[in-house]
Amino acid sequence: MTSIAGHPGIAGRIAEAGANYLSERRGILSWVFTLDHKRIGVMYLVSILFSFLLGGVFALLVRTELLTPRRTIMDADTYNQMFTLHGVVMIFLFIIPGIPAALGNFVLPIMLGARDVAFPRLNLFSYYLYVLGAVFAVLAIATGGVDTGWTFYVPYSTTTNTSVTAVVLGAFILGFSSIFTGINFIVTIHKLRPPGMTWFRMPLFLWALYATAIIQVLATPVLGITLLLLVAERLLRVGIFDPALGGDPVLFQHFFWFYSHPAVYIMILPAMGVMSELVSTFSHKPIFGYRFVALSSVAIAMISFLVWGHHMFTSGQSPLASMIFSFLTFMVAIPSAIKVFNWVATMYRGAIDLKTPMLYALWFLFLFGIGGLTGLFLGALAVDVHVHDTYFVVAHFHYTMFGGVAMAFVGGLHYWWPKITGRMYSELWGRLAALLVFVGFNLTFFTQFVLGTHGMPRRYYNYPAHFTSYHQHSTLGAYLTAAGFFLTAGYLIHSLFRGRRAPANPWGGATLEWQCSSPPPAHNFDRPPPVGDPYDMSRIRYDDAIGGYVTAEVAEPAGAGGGPGR
Amino acid sequence: MKGEAMLPAVRSAAAPADTAHPGAPRVAHHFATPVQQFESAQLGMWLFLATEVLLFGGLFCAYAVYRAAHPEVFIYAHRFLDARLGALNTVVLVSSSLTMAWAVRCAQTGRQRGLVGLLAATLLFAAAFLAVKYVEYESKWRHGLLWGRYYHPAHGHPAGDASGQAGTGQAGQEPANASAPGDERPMAAGPNQSPATIAAGAGPPSRGGPVTLGGAAGPGATPPAEATRIAASAAGPRGLAWHLRRPDSGRHDEPRNVQIFFAVYFLMTGLHGLHVMAGMAVIAWLLVRSIRGHFGPGYFAPVDLAGLYWHVVDVIWIFLFPLLYLIHG
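Protein chains in written order, with our numbering: chain A, 3 to 568; chain B, 7 to 335.
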C-alpha cells in the first residue's frame, strides 16, 4: 500500500510550477478587477464573514437586552432596530450568499473540471452588486436604522419613518446579485462540463448548487418586484398595499413569501450539498443513494415554490388554502428526510474521522433534525395557531438556518480552507471551538422552544418576570456561541501566517478539487481532468510523507470504474 | 430552435474568422469552442429573460388580484385609456420587433448596411413608442388620473349643480385636448352622463357595446346607466378611500377605488417603459458597434441576445395592451 506514494499525480505536477491563483499576480488592482472565480470567491468570503460578524454583534446586543425584563442596555426603539438589522444582515448578507457565492464560487468550476464560471465578468459584477447592496444596508443603519423586522410587512413598513427605503433598495440590489450568481451557475453546469462529466457524475454539492440556482433565478425576481412595489408605496403612495386606497396588505405577504419561502431553500440546499461532501469524505465511504440525494435537491427546489402560504395561516387566508399549504409543507419533509437518511447510511460502517468539518456535519445532522421536525409542528394548522409568532418559531428558524446552514457553512469553510488558503488550521482548536459552538447553540435556542411553548412572543422588548431565567440561559448560550466563533476566527487567521502548508488532498476527498494543488493554479486545469466517480474512495490512500492523501493511478481514462450514475 | 438554426453559421465561421473579419469571435480562455461560448451566452440570456418574465409576473399577479377584487373599477376606469393610442403603440412595437429580428439576420449574414439601418429603425420605433406613451401619461397627469393618493380626476361631477358647472367649465379646455380624443371622452360627457353611459349608448360609436357583467343585463335590456352598476366583489377589500379622501365629490356612478386601476396601470406601463429605455440604451450601443463593423457572421452574439431581450419587452406589451386598454372593449 505504501508503494503508491510514488504517484504524486496531477497535483504534484502543477505544484512544481509554483504559481497559484494567489501568487500569480499581485497588487490590489489584481484583486479589484479580477475575473478569476477563485479570487471573487475569496472576496465574497471576506465580505460574508464580515457580515456574519456584523449580524452576530446585533444578535448579541439583542440577547443582552433580553437579559432582564424592561430596559437592560437600550430602549425599545433601538431594540426593534437591532433585531431587524440582525435579521436583514444575517439573511440577505450572510446566509443567502454564504455558501453559493463564497464557497460555491470557489469550488464549483474546480469540482466540475472547468476553468472558470461561464460568465466571469458577470460574476465580478454580481460581487460588486453585493457590496453595493451591503452599502445600502449600512447606510440605513447610519441614517436612523430600520425597525420593521426583516420581513418588511406592510402597512407598518410603509408608514414608519425609519430608513426602510434604503434597506429595501439594498435587498433589491442583493437580489440581483443573487440572480446573476444563479444564472452563472446554471449555465456553467449546463455548458462547461468537461468530457466525461455527466450529470450523474457531478459531486452532490454541484447538484445542490444547481437546484439552488434554479430557485434563485425563478423566485428572486418576485422579491424584486415586491420590494419595488414597497418602495413605490413609500415614495409615490401608489396605494397597492394600502387598504385605505383599495389595496390589499395581504397581497404583500403573498408576494414576500412567494420569494422568501423558496429563499430558505436557497439557504439550506447548498448547505445540504456541503453535507454530502463532508459526510462522504470523512466517512471515507462513497455517498449512499447518490441519485436519491441528487434528485431530492431538485424535488425540494420544486416543492419549495408551493408552500409559501404556511407563513400566512393566521393572516386571513382561506381555510382550504391553509389546508393545501399545510399538506404541501409536509411534502417537503420527504426529500429532506431522504437526504438525512442517506447521510446516516453513508456514515454506517464508514471509517469516520472526527475532524472539525465532520464535527460540524454532525452538528448539522443533529440540529437540522430538530429544526426540520419542529417545522412539521409548525406546518400543522392546529399547532401553528398556538405557537405562531412565538419564540417557538424563532427557535425552529434558528435550528434550521443557524444550526443547519451556518453549521454547514462553517464546516465547509474548514473543509475547503486548506484548498482556498493553502494552509492547515489547528485541528485541536478547531474541535474545541466546534464543541463550544454546539453547546452554546443548544443553550441559546433550545430554551427558546420552551419559551415559545410557554407563550413568549417573538420580537418583544419586555416579558413577564418568570421568563427571566430562560432568557438568561439563552443569552449565556449566545455568548458561548460567540466565544466559539471568535476562537474560530482566531485560529483561522493564525493559520494564514503560521499554518502548516496544506497538501493537495488533506482529507481524502475524491472530487476534482482535491486533484489540483492547494491553493489551485490560476486556471484550475491545464487540460480537462480525468473524470470518474466523484465518490470513489477506493484508490485514495493516506501518505505520511506529505501528510495528505494521494490517488493511485491518476491517469486512468475517464469512463472506467463503476460510477453511481450508471 | 432559433439557436439551432444559427449555430451552423457560428461553426462555419469559427475557423477562418480569426483573421478574416474584424469582428472575429474572441473565445474566452475558459471556453473550448466558439459554439460553446455562444450557447452559454444564449442560455444565460434565456435565464435572464425568465427572471424578467417573473419580475413582471408579480405585477400581472397583482393585476389579477385587483381585477378580481374590483371588477367594476377596471371596467369603469379603462375607458380613460385611449385604445387607439395603445393600438398605435402596439403596431409601433411589433414593427420594432420585426426590424430587430431582421437586424439579427443581417448580422448573421454579414450585411453591414442593413444591420446599421435596421438597428437605427428599431431605435426610432422605440423612441416613437415612448413619445406616444408620453402623450398618454401627460394627458393622465393633466386630468389627475393618477395612482393612489394622487387620484383627483378633473372630469365633471355630474351629481349636483356645482359639479355640473365644473363639467361645463372644463369643456372649455376641449380644443387643447382634441389630440387625444379617447382620453377626453369622459370630459366631453354631458353633465349627467358618465363615461360608461356614453360608451353604452349615446357616446361615440367607436367604442363597444354596453358594459355588462355576466348575463344579468343584456345589451339594451336595461337602461345604459344601470348597465354600469356592477357590484364590487364581496371578497375584495372595499377600501376606505372614498370616504376618507373626498366625501362630497363623488359621482354617483363612479365606483370606489378607481385609483387602484391607475396604480396598476402606471406600475405596469412604467416598469415596461423602463425596460424599453434599457433596451434603447443597449440598441444604441449595438448601433455604435455595428457602425464600427464589429459584427459579422463570425460574431453576432450581442445582436442576437439583445434581439431576444427586445422581443420579450415586446411580448410583455402585447399582454399589457389588451389587459389594460381592451377590457370589455
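Cβ atoms here follow ideal geometry from the backbone N, Cα and C, with glycine treated the same way. Computed from a prediction, not measured in an experiment: that's the story for all the values here.
Same chain, Cβ closer than 8 Å to residue i, five either side skipped, listed in chain order
{"i": "Ala353/A", "result": "Ser285, His286, Lys287"}
{"i": "Leu208/A", "result": "Leu110, Met113, Leu114, Ile191, Gly275"}
{"i": "Trp33/A", "result": "Arg41, Met45"}
{"i": "Leu124/A", "result": "Phe182, Ile185, Asn186"}
{"i": "Leu126/A", "result": "Phe35, Thr36, Leu37, Ile42"}
{"i": "Thr128/B", "result": "Ser102, Thr105, Met106, Ala109, Ile289, Trp316"}
Separation of residue j from residue i, as counted between CA atoms
{"i": "Ala126/B", "j": "Ser338/A", "result": "54 Å"}
{"i": "Thr162/A", "j": "Phe154/A", "result": "11 Å"}
{"i": "Ala480/A", "j": "Thr446/A", "result": "6 Å"}
{"i": "Met349/A", "j": "Ala408/A", "result": "21 Å"}
{"i": "Met314/A", "j": "His468/A", "result": "30 Å"}
{"i": "Leu482/A", "j": "Gly198/A", "result": "47 Å"}
{"i": "Thr376/A", "j": "Arg195/A", "result": "39 Å"}
{"i": "Ala524/A", "j": "Gly29/A", "result": "15 Å"}
{"i": "Gly184/A", "j": "Gly154/B", "result": "36 Å"}
{"i": "Val281/A", "j": "Phe85/A", "result": "34 Å"}
{"i": "His496/A", "j": "Tyr427/A", "result": "8 Å"}
{"i": "Leu430/A", "j": "Arg65/A", "result": "29 Å"}
{"i": "Gly457/A", "j": "Tyr72/B", "result": "37 Å"}
{"i": "Phe499/A", "j": "Trp419/A", "result": "13 Å"}
heavy atom of the ligand SAM below 7 Å from residue i C-beta
{"i": "Gln517/A", "result": "Looking at this structure, you won't find the ligand SAM or any other ligand, since it has none at all."}
Close Cβ partners of residue i (< 7 Å) along its chain, the five nearest in sequence each way excluded
{"i": "Val282/B", "result": "Ala132, Phe135, Leu136, Val319"}
{"i": "Gly221/B", "result": "Low local confidence applies: a pLDDT of 36 at Gly221/B is under 50, so the model's placement there is unreliable, and no value is given."}
{"i": "Leu230/A", "result": "Phe174"}
{"i": "Ala335/A", "result": "Gly374, Leu378"}
{"i": "Thr150/A", "result": "Thr86, Tyr158, Ser159, Thr162, Val166"}
6 Å CB neighbourhood of residue i in its chain, flanking five on each side removed
{"i": "Val33/B", "result": "Pro40, Gln43"}
{"i": "Thr513/A", "result": "Met113, Pro205, Pro536"}
{"i": "Tyr544/A", "result": "Tyr551"}
{"i": "Trp316/B", "result": "Met106, Gly285"}
{"i": "Phe254/A", "result": "Val156, Phe243"}
For residue i, the nearest candidate out of the options (CA to CA)
{"i": "Thr164/A", "options": "Pro197/A, Gly226/A, Val233/A, Gly413/A", "result": "Val233/A"}
{"i": "Thr490/A", "options": "Ile372/A, Leu87/A, Leu415/A", "result": "Leu415/A"}
{"i": "Trp201/A", "options": "Asp79/A, Tyr292/A, Phe85/A", "result": "Tyr292/A"}
{"i": "Pro264/A", "options": "Ile216/A, Ile242/A, Thr283/A", "result": "Ile216/A"}
{"i": "Asn22/A", "options": "Ile181/A, Leu238/A, Ala506/A, Tyr463/A", "result": "Ala506/A"}
{"i": "His312/A", "options": "Gly381/A, Leu297/A, Phe187/A", "result": "Gly381/A"}
{"i": "Gly486/A", "options": "Leu69/A, Val412/A, Thr470/A", "result": "Val412/A"}
{"i": "Ala109/B", "options": "Leu280/B, Gly120/B, Pro308/B, Leu99/B", "result": "Gly120/B"}
{"i": "His473/A", "options": "Leu69/A, Leu47/A, Leu55/A, Thr222/A", "result": "Leu69/A"}
{"i": "Ala296/A", "options": "Val309/A, Pro531/A, Val342/A, Thr316/A", "result": "Val342/A"}
{"i": "Pro532/A", "options": "Asp546/A, Ile548/A, Gly549/A, Thr553/A", "result": "Thr553/A"}
Cβ-based burial, residue i [other Cβ within 10 Å; buried from 16]
{"i": "Trp147/B", "result": "exposed"}
{"i": "Ile423/B", "result": "Only positions 7 to 335 of chain B appear in the structure, and residue 423/B is not among them; the question remains open."}
{"i": "Trp291/B", "result": "exposed"}
{"i": "Pro328/B", "result": "exposed"}
{"i": "Phe35/A", "result": "exposed"}
{"i": "Gly534/A", "result": "buried"}
{"i": "Arg298/B", "result": "exposed"}
{"i": "Leu437/A", "result": "exposed"}
{"i": "Thr145/A", "result": "exposed"}
{"i": "Ile289/B", "result": "buried"}
{"i": "Pro466/A", "result": "exposed"}
{"i": "Tyr140/B", "result": "exposed"}
{"i": "Arg117/A", "result": "buried"}
Rounded Cβ spacing between residue i and residue j (contact assumed at less than 8 Å)
{"i": "Leu141/A", "j": "Ala168/A", "result": "5 Å"}
{"i": "Ala74/B", "j": "Phe267/B", "result": "Their Cβ separation, rounded to whole angstroms, is 13 Å, which puts Ala74/B and Phe267/B out of contact at 8 Å."}
{"i": "Val302/A", "j": "Ala213/A", "result": "This sequence places Ile at residue 302/A; Val is not what is there. Rounded, the Cβ-Cβ distance is 7 Å, consistent with contact."}
{"i": "Leu277/B", "j": "Phe66/B", "result": "Incorrect: roughly 11 Å between the Cβ atoms, too far for contact."}
{"i": "Ser299/A", "j": "Ala435/A", "result": "Between Ala435/A and Ser299/A the Cβ distance is about 29 Å, and since that is not below 8 Å, they are no contact."}
{"i": "Met277/A", "j": "Ala363/A", "result": "6 Å"}
{"i": "Leu151/B", "j": "Phe86/B", "result": "5 Å"}
{"i": "Ala397/A", "j": "Phe451/A", "result": "4 Å"}
{"i": "His39/A", "j": "Pro122/A", "result": "7 Å"}
{"i": "Pro308/B", "j": "Gln114/B", "result": "Their Cβ separation, rounded to whole angstroms, is 12 Å, which puts Pro308/B and Gln114/B out of contact at 8 Å."}
{"i": "Ser520/A", "j": "Lys421/A", "result": "5 Å"}
Contact with chain C by residue i, beta-carbon distance below 8 Å
{"i": "Glu142/B", "result": "No chain C appears in the structure shown, which is made up of the protein chains A and B."}
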